[in-house]
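K.L.:
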Amino acid sequence: MNKKVKLSILGISFSQVQAGAYALIFAEKDGLRRLPIVIGTPEAQSIAIVMEKIEPPRPLSHDLMVSTFKALHIDLLDVFIHKFENGAFYAELTLQQGENQYKIDSRTSDGVALAIRTNATIHTTEDIMRDMSVVFDTEDEENKEMSEFLSNDDKDLSQLSTNQLNSLLEDALSKEDFESAISLRDELTKRKGESQ
Numbered sequence: 005m006n007k008k009v010k011l012s013i014l015g016i017s018f019s020q021v022q023a024g025a026y027a028l029i030f031a032e033k034d035g036l037r038r039l040p041i042v043i044g045t046p047e048a049q050s051i052a053i054v055m056e057k058i059e060p061p062r063p064l065s066h067d068l069m070v071s072t073f074k075a076l077h078i079d080l081l082d083v084f085i086h087k088f089e090n091g092a093f094y095a096e097l098t099l100q101q102g103e104n105q106y107k108i109d110s111r112t113s114d115g116v117a118l119a120i121r122t123n124a125t126i127h128t129t130e131d132i133m134r135d136m137s138v139v140f141d142t143e144d145e146e147n148k149e150m151s152e153f154l155s156n157d158d159k160d161l162s163q164l165s166t167n168q169l170n171s172l173l174e175d176a177l178s179k180e181d182f183e184s185a186i187s188l189r190d191e192l193t194k195r196k197g198e199s200q
């Protein structure tokens, strides 16, 4: 069985790479790895409202769902990001009602929007972390030099070596440039798929 890795929400960043999208950044508990996931505007707003402790005048869809859970005595125990396929992350909710436990398919962004409202745990697999996460580490000289590449609008990632991409990825994360980090991670994932 693939080991589960506990995650916490590190933050949300507006994506300048993909219009109308945001990067939701997870941090591994007691680790240096970060997992960026692209989400839509409504889900990003729903998550950000809770993170910023803003009280909307009327309940949002995720608030309504949590109220329904409470009325029916349902507890959201966990959101498990268990698969990455065709550019999308897949999640499963674990719900408990009395003695009964249910597993429900969910979009990752919706699951996280519910988890942040209910204090449910968020997990992913070690495989996803190994393949899709980036390691946050201290910046070195090579990263500083290559960070100039990230600011170039004409960047062609296919021209860089895998080691250079990994270094750029660390640099982007250290600067909280999550949009570039997602592009770099996707190029690395694409290369890994081509080599298999």
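Numbering (the working numbering), first residue to last: 5 to 200.
Think of the CB as a built atom: it goes at the ideal place given N, C-alpha and C, for glycine as much as any other residue.
(1) Answer yes if the segment 93–106 comes into contact with the segment 70–85, meaning at least three C-beta pairs across the two stretches below 8 angstroms, and no otherwise.
(2) Less than 8 angstroms between the C-beta atoms of L177 and L169, yes or no?
(3) For D67, I'd like the list of residues in its chain whose CB is within less than 8 angstroms of its CB, leaving aside the five on either flank, ordered along the chain.
(4) Mark A95 as exposed unless 16 or more other C-beta atoms lie within 10 angstroms of its C-beta, in which case mark it buried.
(5) Distance, Cα to Cα, Y26 vs N6?
(6) According to DSSP, is D109 helix, strand or coil?
(7) Under a three-way DSSP split, which group does E59 fall into?
(8) Going by Cα to Cα distance, which pick from M55, L118, L39 is closest to D1?
(9) I need the straight-line Cα distance from T193 to H127, nearest angstrom please.
(10) Is S155 helix, strand or coil by DSSP?
(11) Tell me which residues share the same chain as T125 and place their Cβ nearer than 6 angstroms to its Cβ, disregarding the 5 neighbours each side in the sequence.
(12) What three-state label does DSSP hand E143 in the structure shown?
(13) With H, G and I counted as helix, E and B as strand and the rest as coil, what does DSSP make of E96?
(14) Which residues does DSSP list as the beta-bridge partners of F30?
(15) Is F30 buried or exposed, if buried means 16 or more other CB atoms sit within 10 Å of its CB?
(16) Ends of the alpha helix (DSSP H) at L80?
(17) By DSSP, does K74 sit in helix, in strand, or in coil?
(18) Should A119 be labelled buried (16 or more other beta-carbon atoms within 10 Å of its own) or exposed?
(19) Taking DSSP's pairing of strands, which residues face S104 in a bridge?
P.N.:
Looking at the atomic coordinates:
(1) yes
(2) no
(3) P60, R121
(4) buried
(5) 28 angstroms
(6) strand
(7) coil
(8) Summary: the structure shown does not reach residue 1, with the chain confined to residues 5 through 200, and so no result is reported for it.
(9) 21 angstroms
(10) Because the pLDDT of S155 is 48, which lies under 50, any placement of that residue in the model is unreliable, and the question is left without a value.
(11) D82
(12) Note on E143: pLDDT 46, under 50, position unreliable in the model; the coordinate value appears next. Of the three classes helix, strand and coil, the one that applies to E143 here is coil, per DSSP.
(13) strand
(14) I13, L39
(15) buried
(16) Here L80 belongs to no alpha helix (DSSP H); instead the beta strand (DSSP E) covers 78–89.
(17) helix
(18) buried
(19) The sequence shown places Asn at residue 104, rather than the Ser named in the question. DSSP, once it has assigned bridges, lists Q101 as partnering N104.
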